[in-house]
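Report on one structure; see the data block that follows.
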Amino acid sequence: MIVSPARAADAAEIAALVNSAYRGDTSRFGWTTEADYLDGARIDAARALEMIQYEMGQIILVLRERDDEQLPILGCVYLERNIIAEEPGCYLGLLTVNPKMQDRGLGRVLLERAEVFAREWGAKRMNLGVIQLRGTLMAWYERRGYRRTEIIQPFPYDQPGAGTPKRKDLHFIFFEKDLAPSRDQ
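Our numbering puts the first residue of the sequence shown at 90, with every later residue one more than the last.
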């Protein structure tokens with residue numbers, strides 16, 4: 090498996106992959122579905138293209154079986170540089186694996202590579218938000234060293250690109266991980 094920066098030509102495929110993993114009937118093949126509480130697209134190709142802008146301090150990394158841009162994208166993850174508690178950090182989002190290929194360790198591969206990439210950017214911490222109903226996902230991140238913070242943010246009900254909520258009680262719980270190398274490294 091190879092993880093590499095997405096290209097502009099990947100934007101439509103990334104959008105289709107993310108939407109298939111989180112929304113609609115195809116998302117039910119995997120365990121990352123949000124279909125029970127959100128309708129509509131999670132992302133479109135135009136937004137994916139915006140998120141690929143490496144020079145703007147953000148990037149989408151894509152996972153393929155091997156280093157061949159003609160092969161389908163099996164997964165992706167978004168990183169954005171930010172400042173966390175006055176330290177350089179990264180926000181992680183859109184961690185996605187093809188729903189029919191989940192439970193094969195590909196999400197772990199993407200997460201680990203994203204952490205390496207963030208360290209290369211100089212990030213000391215990684216943070217991410219999870220919808221409060223995603224207990225299995227929160228536990229998955231906790232097993233990978235992320236800890237729950239005190240930060241809770243409401244769901245962006247007024248943002249057109251956020252999807253169509255089926256519930257009025259959605260909010261995000263934030264997690265973070267220290268990316269500083271251990272003393273053993």
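For glycine and all other residues, C-beta sits at the position ideal for the given N, C-alpha and C.
Every value quoted in this text rests on a predicted model; they were computed, and no experiment measured them.
Residue i in three-state terms, based on DSSP
i: K189; result: helix
i: P161; result: coil
i: R136; result: helix
i: T225; result: helix
i: E169; result: strand
i: F263; result: strand
i: A105; result: helix
i: R112; result: coil
i: R96; result: coil
i: R155; result: coil
i: E123; result: coil
i: G196; result: helix
Exposure of residue i, with buried meaning 16 or more beta-carbon neighbours within 10 Å
i: S116; result: buried
i: G129; result: exposed
i: Y289; result: Outside the modelled stretch of the chain, which goes from 90 to 274, sits residue 289, for which no answer is possible.
i: T75; result: With the chain running from 90 to 274 in the structure shown, residue 75 is simply not present.
i: E201; result: exposed
i: G224; result: exposed
i: I141; result: buried
i: A104; result: buried
i: E204; result: buried
i: M145; result: exposed
i: Q240; result: A small fix is needed here, since residue 240 is Ile in this sequence, not Gln. Exposed, since its Cβ has fewer than 16 Cβ neighbours within 10 Å.
Close beta carbons around residue i, own chain, < 7 Å, minus the five adjacent residues each side
i: L163; result: L152, R153, E154, V186, N187, M190, L195
i: G250; result: R136
i: R237; result: I262, F264
Assumed close pair residue i, residue j - CB separation to whole angstroms, cut-off 8 Å
i: P94; j: L150; result: 6 Å
i: Y230; j: F264; result: 5 Å
i: V107; j: L183; result: 6 Å
i: K213; j: G178; result: 6 Å
i: H260; j: Q248; result: Contact flag wrong, Cβ pair sits at about 14 Å.
i: L217; j: V166; result: Actually they do not touch by this definition, with Cβ atoms about 10 Å apart.
i: Y126; j: K257; result: Y126 to K257, Cβ: 10 Å. No contact.
Own chain, CB closer than 6 Å to residue i, minus 5 neighbours either side, in chain order
i: R208; result: L268
i: A100; result: A134, A137, L138
i: I148; result: P94, L168
Neighbourhood of residue i by C-beta, 8 Å cutoff - its chain only, sequence neighbours within 5 removed
i: D156; result: I91, S93
i: A124; result: Y111, R112, G113, D114, S116, R117
i: Y143; result: P94
i: R233; result: R197, L200, K266
i: S109; result: T115, S116, N187, P188
Paired residues, beta bridge with residue i - DSSP
i: D128; result: T253
i: P177; result: I172
i: N216; result: Y180, E265
i: R236; result: E265
i: Q142; result: The partner list for Q142 (beta bridge, DSSP) is empty, contrary to what the question assumes.
i: L150; result: P94, V166
i: Q242; result: F261
Residue i CB to nearest heavy atom of the ligand ZN below 7 Å
i: Q142; result: Absence of the ligand ZN is noted for the structure shown, with no ligands found whatsoever.
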